[in-house]
Structure formats: structure tokens, C-alpha cells
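Below is one structure; the comments refer to it alone.
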Amino acid sequence: MASEDHLAASAPGGDGQRTPTEALCATNPPIHLYTPTNLVWKGTQSISSPSPITINGVTIWSSAPIHILGGPQGQHLLISTTLSPNFARGWSRLSDELKLRILSYNLVEDRPVGIMDRALGSIFMQHLRMTPEIATLSRDIFYKMNTFELRPRSASIRRVVSPAVFDFPKPAVNAHIRKVQFIVRLRGGEWHFLRRFANGSYGFPNLQELHVYIDQRCEYVLRGDWDRFVQHSVGTGLEFSCSGNLQVLRPQKIRLRGTTVQSDEIERVLKEKVIFKGNVEK
């Protein structure tokens with residue numbers, strides 16, 4: 001087999017020297033792009049494609065490899081042509097395990113996914129428009145393997161709290177969801193949604209893992225005192241049929257009508273009132 005030195009001496013140009021492009025491709029072979037994907041890498045990566053590529057909104061068409069600078073947020077690469085029969089034939093030759101790994105890489109985030117995450121939603125929709133098998137696998141992976149974030153919302157202006165609202169996936173979708181992160185503040189209106197969630201009013205019949213976060217990071221004043229909140233809003237408590245945990249996202253202390261309640265006490269009381277079928281790591 002010829003050595004790299006021999007290949008370099010035989011390269012076009014006649015002087016035995018590689019061009020910068022040739023040198024980069026020799027040490028960092030181009031990735032051949034055939035499907036939309038999101039890549040994260042350090043340094044420079046070479047990309048080649050038989051059709052135009054859209055890179056973060058900019059379309060480029062080049063017969064030579066395209067060199068792209070990487071970054072911690074990654075680059076979203078989109079081909080501008082439809083998939084050919086060659087893709088379907090190549091996909092059918094892959095093992096089931098490799099298919100799942102490829103789709104999981106594209107569709108599973110290492111952070112909780114908001115229901116209004118347009119970027120990931122766009123990638124998900126692209127997979128649903130591919131082959132019937134890819135659409136079925138993608139739907140299963142997306143909903144079962146991601147953790148979805150739910151958060152009631154209300155505003156407080158001059159101590160007047162607006163009615164809370166709560167957006168959640170429709171029942172046809174949330175039946176597939178297995179993991180949820182629920183963020184709530186110590187407001188009666190927001191706690192009401194957590195109680196209804198525990199009662200199954202919003203669906204999620206197959207939920208396996210729930211992380212409840214009490215968000216007190218930016219709020220120091222509650223409308224009522226702590227004892228009243230526990231008595232009237234928390235009441236006898238909540239019980240979930242899935243595994244989970246509860247944690248307070250805390251400042252050092254919360255001020256209640258001139259008194260101070262430590263976050264440790266809040267967490268202790270709520271952990272006694274909010275019961276899960278089993279415990280999971282935070």
C-alpha cells in the first residue's frame with residue numbers, strides 16, 4: 001500500500017506539495033452529507049455533498065469539500081434536495097441498532113425540551129417526512145427518550161398576581177411521553193396545575209419519571225404566609241404513580257410578611273407532602 005508521502009508526491013501540481021485544501025482533507029477527511037443533521041465539533045470540519053447545503057440559513061453549492069468552523073452550539077446542516085432511492089436502499093442495509101443510534105443522535109437532547117422548541121421541532125418534522133419506517137422510529141424515539149419541560153406561567157405586578165396559564169402537549173402526543181420536568185412556583189394558581197397533573201387531568205398515562213422543581217430563584221415575597229400556603233394550596237399533598245423527585249431551586253431565604261423561612265424547611269415540608277412511587281436521581 002502506498003504511503004502518505006508517496007501520495008503527496010504524486011498529487012497534482014508536480015512539485016510534491018499539497019495545497020492547503022488537500023492537506024486539510026488528508027488529515028480530516030470530508031463528511032459526506034446525505035441527510036439533514038446537526039453536528040458539534042471543534043476546529044474545522046470538511047463537508048461534501050452532491051447537492052446544495054444550507055448551513056445555519058446560508059446555502060452553498062460546491063464541487064469541492066466545504067470547510068466549516070465548529071463551535072459548542074454546533075452547526076445545523078440541511079441538504080436542499082429530496083432523498084433519492086439510494087438513501088432508502090442504504091438505510092435498509094443498516095442494523096436495527098445502528099438505525100436507532102443514528103436517529104437518537106439527531107432527535108434526543110441532553111437537556112429538557114420545551115414544548116415550543118421550534119429548532120428541534122423542525123428537525124423532528126423533517127424525520128417524519130422521510131420513509132414510513134424512519135417516521136415511526138423517530139416518533140417513538142423523540143417522545144420516549146427526551147425529557148419534556150412543563151411550566152405554568154403567571155405574572156406578578158405590584159403584588160397582584162395574574163391568573164396562571166399552562167400549556168401542555170395534547171393527549172394524543174403525551175401518551176407517548178415517558179419523562180417530564182415540571183417547574184412551579186409557590187403560588188396557589190400554579191400549584192393548582194401540579195395538582196391536576198398528579199390527578200391525571202392532562203393525560204400522560206405512561207409517564208415513568210417526573211422531576212418537580214420549586215422555582216424560588218427570583219422570588220422572595222409570597223402572597224400569603226408559608227403556613228397558609230401549605231394548608232390551602234398543598235393541603236393533604238400530592239401523590240404520583242411514577243418515580244420522581246422534588247427539589248427547590250433556591251435563593252438563601254424567602255421572606256414572608258416580615259418573617260424568614262429557610263429553603264431547607266420548604267423542601268423538607270414539600271417532600272413530605274409530594275409522594276412518588278419511587279425515587280430517581282436529580
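Take 1 as the starting number for the sequence shown in UniProt numbering and just add one per residue. For every residue, glycine included, the Cβ atom is placed at its ideal position computed from N, Cα and C. Note that this is a predicted model, so its numbers are computed, not measured.
In this structure, the alpha-carbon of residue 67 lies about 43 Å from that of residue 210.
In its chain, beyond the 5 residues on either side, 120, 123, 124, 127, 138, 141, 142, 145, 146 have a beta carbon closer than 8 Å to the beta carbon of residue 107. If you check the CB distance, residue 202 and residue 174 come in under 9 Å.
In the structure shown, residue 230 adopts helical secondary structure according to DSSP, grouped into three states. Sequence-distant partners of residue 237 (beyond 5 residues in either direction) whose C-beta falls short of 7 Å from its own C-beta, in its chain, are 273, 274, 275. The C-alpha of residue 198 lies about 35 Å from the C-alpha of residue 97. With a threshold of 16 other beta carbon atoms within 10 Å, residue 94 falls short and is exposed.
Residues 151, 152, 190, 191, 193, 194, 212, 213, 214, 215 of the same chain have their beta carbon placed closer than 8 Å to that of residue 184, with the five preceding and five following residues left out of the count. Residue 235 and residue 117 have their C-alpha atoms some 34 Å from each other.
Membership of residue 182 in the beta strand (DSSP E) is indicated by the continuous run 179-184.
The beta carbon of residue 278 sits closer than 7 Å to the beta carbons of 243 from its chain, once the five residues preceding and following it are set aside; these are given in chain order. Under DSSP, residue 128 takes part in no beta bridge, so it has no partner. The C-alpha of residue 280 lies about 12 Å from the C-alpha of residue 247. The C-beta distance from residue 48 to residue 30 rounds to 4 Å, short enough to fall under 8 Å. Beta-bridge analysis with DSSP links residue 215 to 249.
At a Cβ-Cβ threshold of 9 Å, residue 187 and residue 164 count as neighbours.
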